[in-house]
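Top to bottom, those sequences are chains A and B. Residue 1 is where the first sequence starts when you use our numbering, and the numbers rise one by one after that. Residue 415 is where the second sequence starts when you use our numbering, and the numbers rise one by one after that. Here is the structure we will look at.
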Amino acid sequence: MNHLRIFIPADVLDSYVYFGYLFSVFRDGTLRVLSLHKVYETLVSIHPHFEGILRLAILRNDWLDNSQAGAFLNIRRFRKVLEKAWNDFALNGFTIEFDKDNNWQVLCEVPAMPIYDIRLYATRVYLAHRDGVREGRLFFNNHELRLDGPLARIFDTRTVSISARSGSLMFSADNEGLYCGSLWNEDKTTKVSSRSYAKKSLRTGWSSFDVVNYEKQSYFSYLENEIERRKARRPFRYSEIDEYPEKIEIVRIAVKRYSMDEVLKKVPFNYSDVQYCFNSTTACFFFLKDGRFVRVNFARELHNEVRLRSKIHDLSFGTQEIVSNNPCSAVAFPLGCVIEYFDRVLLFHDNGVATLEDSPVISVRTFPTSRRFRRQICITREDGIALHTVFPTEDEISRIIEPNRVQRMAGAAA
Amino acid sequence: MAFKFPRSKRNNDGTYGPTSRNHYYFPVSYHARTSLKRSSKSRWCLREAEQFCVFRIADEPWWECVLNHCLFSIVDFGNIILGENGERLAAFPIPRNPNDYWHGYPIRTEESKPGPNLPDRWEEEGIITPHLWRKIETGRL
């Protein structure tokens, strides 16, 4: 599989790519940033002939899968040459060192260490840790990135995971429950409700504007939310170049609840067969106890009842031995997913499986809603950060070229 | 190099030990790898003597979690799988009477995990590394 790996040695606990920067929490208790442009320039100075590929891989993933890219990649010869150059260049990967004090800019000291999760959303940074959640507003201009004031504590319950959509943030507080924060307020900071929406939450996923709450790694409940389209100006700011702005506000969380049994009503297995599950916005992924790894798409019935379709897509690709192990975490990736096992990280993509890392890692992140970094996978290891960029597959290219045709074909097949 | 469990001998009464703290381990049947599957009971994938070794690893340095009132154990940086469902941690509840035998079972951290002090201590003492610390604390192990 065509993925280009850039490794940056660093003593970090977690990392996140946002607004052209790599945000990292270092073990010395500092939150630091490294400009991806600096990574690009340094690599170009070593490999000047591959400037174009490096630009695509590090700075502009959107140029690999937007409609303009489709026009070029539709030229078969052009695609072959580009893919070959990408593969040749990606063969061995790159390790590039940056001095912690001279190249990594310190944004702030992290008041409570260590951290459980980091999330960048709507030009803010959120850090989850044992004492709760801290938030900092980012200030950008052309030459400067800094925090607009110190980190503010917005939530004081131990939080293990954060997810965000449409101005709402879900804070998973393990046995303490699930809490929601909103940016749709006139205050400078995120307002977190004191109400818990679930008894337990290890993590959450989004399906459109609804929340999928994982009470166990193998069990979820589906929370349907009420939304409203806002005409007034948003009280918060998205990153103009990396996030798609939304004018929809989630006004009520968990208007309806569906148990996993209800969602799986038409699927030919039940929750006791599931070993691990996660979701993307359109589908649920299940690792079953019989060694299969399957995808099932969401469907909405006439009366708006949430359920999964009955058709199962097998993603095991003949790797039952690998997928029968218990995953530690999993994240969705365009037309695929990235699975973290105890001792390796695998990419399931293009009807195949590729090993991204072959040793234990701290965290795996993808950015499917980002404009420029949607093909990047940021893996934090104990010895540094590995940035992987995946070249579009044949299937993806055909979807880019003729999205309507693919939809028509899918409709006909269904 | 792959971890090897040291040999241990079973006593006449079915227990193993004693450890240096004079504790005896008794492998209960419903957690054994050959027992009937029950949804509420996890099963070891280790032999009895190996279970005792896992217990001794926790007992001698006294890896107690006050919150759960039990000892937790982890072997070789979590590289050894202890339970049939891929569990890499084990819990040993502290007996109500000091002279009672100990028993234990493999656990997944999504259901039960040590309070924060124990993983912190493990990391300080080099028993676990940061990736394991994060996995234990966030219920991913």
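Ideal Cβ placement from N, Cα and C applies to all residues, glycine included. The model shown is predicted, which means the values in this text are computed figures rather than measured ones.
- Of the listed residues B:Val-489, B:Glu-478, B:Arg-554, B:Pro-520, nearest to B:Ala-416 (C-alpha basis): B:Val-489
- Query: DSSP puts A:Arg-124 in a beta bridge; with which residues?
  - Reply: A:Tyr-121, A:Arg-137
- Query: What residues match up with A:His-129 in a beta bridge as DSSP calls it?
  - Reply: A:Ile-115, A:Gly-132
- Message: What does the alpha-carbon distance come out to for the pair A:Ile-227 and A:Arg-237?
- Response: 19 angstroms
- Query: So, is the C-beta of B:Arg-447 closer than 8 angstroms to a C-beta in chain A?
  - Reply: no
- Query: A:Val-39 lies in the alpha helix (DSSP H); which residues open and close that run?
  - Reply: 36 to 46
- Query: In the segment 358 to 379 of chain A, which residues sit with their C-beta less than 8 angstroms from some C-beta in chain B, listed in chain order?
  - Reply: Pro-360, Val-361, Ile-362, Ser-363
- A:Val-81 by DSSP, collapsed to three states: which one? helix
- Query: Excluding sequence positions up to five away, which residues of its chain have a Cβ less than 8 angstroms from the Cβ of B:Glu-474?
  - Reply: Thr-433, Ser-434, Arg-435
- Message: For B:Tyr-545, would you say it is in contact with chain A, using Cβ-to-Cβ distances shorter than 8 angstroms as the test?
- Response: It is His, not Tyr, that sits at residue 545 of chain B in the sequence shown. For B:His-545, the answer is yes, since a Cβ of chain A falls inside 8 angstroms of its Cβ.
- Rounded to whole angstroms, what's the CA-CA distance from A:Val-212 to A:Asn-270? Just pull it up for me. 17 angstroms
- Query: At least one CB of chain A closer than 8 angstroms to the CB of B:Asn-426: is that the case?
  - Reply: no
- Query: Over what stretch of residues does the alpha helix (DSSP H) that includes A:Gly-70 continue unbroken?
  - Reply: 67 to 73
- Query: For B:Gly-500 and chain A, any beta-carbon pair shorter than 8 angstroms?
  - Reply: yes
- Determine the closest residue to A:Lys-80 out of A:Glu-394, A:Gly-352, A:Arg-234, with distance taken between C-alpha atoms. A:Glu-394
- Which residues, in order along the segment 519 to 534 of chain B, keep a beta-carbon less than 7 angstroms from a beta-carbon of chain A? Glu-524, Pro-530
- Message: Can you give me the C-alpha to C-alpha distance between A:Phe-94 and A:Leu-347, rounded to a whole angstrom?
- Response: 19 angstroms
- Helix, strand or coil for A:Asn-279, going by three-state DSSP, please let me know. strand
- Any chain B beta carbon closer than 8 angstroms to A:Leu-223: no
- Look at A:Ser-239 and A:Thr-389 and say whether their C-beta atoms are less than 8 angstroms apart. no
- Identify the contact partners of A:Arg-130 in chain B, using a Cβ-Cβ distance below 9 angstroms as the criterion. Pro-530, Glu-551
- Task: Report all residues from its chain with a CB closer than 7 angstroms to the CB of A:Asn-417; omit the five preceding and five following residues, and keep chain order.
- Result: This structure cannot settle anything about residue 417 of chain A, because the visible part of chain A is limited to 1 through 414.
- Query: Assuming A:Arg-375 contacts A:Leu-36 under a Cβ cut-off of 8 angstroms, what Cβ separation, rounded to an integer in Å, is found between them?
  - Reply: Going by Cβ atoms, the distance from A:Arg-375 to A:Leu-36 rounds to 13 angstroms, so no, they are not a contact pair.
- Message: Does the CB of A:Gly-411 have a neighbour CB from chain B at under 8 angstroms?
- Response: Confidence is the limiting factor: at A:Gly-411 the pLDDT is only 47, short of 50, which leaves the residue's position unreliable, though a coordinate-based value still follows. No, no contact with chain B.
- Start and end of the beta strand (DSSP E) containing A:Glu-224? 219 to 229
- Task: Select from B:Ser-443, B:Glu-464, B:Glu-551 the residue whose C-alpha is nearest the C-alpha of B:Leu-496.
- Result: B:Glu-464
- Query: What is the residue span of the alpha helix (DSSP H) that B:Phe-469 lies within?
  - Reply: 462 to 473
- Report the three-state DSSP secondary structure of A:Glu-357 (helix, strand or coil). strand
- Message: Is the beta carbon of B:Pro-544 closer than 8 angstroms to that of A:Ile-362?
- Response: yes
- Task: Quick one: list the residues of chain B neighbouring A:Asn-103, beta-carbon separation under 7 angstroms, in chain order.
- Result: Correct list: empty, because the minimum Cβ distance to chain B is about 22 angstroms.
- When the distance is taken between beta carbons, is B:Gly-518 closer than 8 angstroms to B:Phe-506? yes
- Nearest CA to the CA of B:Pro-533: which residue from B:Ser-449, B:Glu-478, B:Asn-426? B:Glu-478
- Look up A:Ser-193 in the DSSP assignment and say whether it is helix, strand or coil. coil
- Message: Please report whether the beta-carbon of B:Arg-554 lies at a distance below 8 angstroms from any beta-carbon of chain A.
- Response: yes
- Message: Taking the alpha-carbon of A:Ser-329 as reference, which of A:Phe-342, A:Gly-336, A:Asn-185 has the nearest alpha-carbon?
- Response: A:Phe-342
- Message: Here's a check: name, in chain order, each residue in its chain whose Cβ is nearer than 8 angstroms to the Cβ of B:Pro-420, leaving out the five neighbours to either side.
- Response: Cys-467
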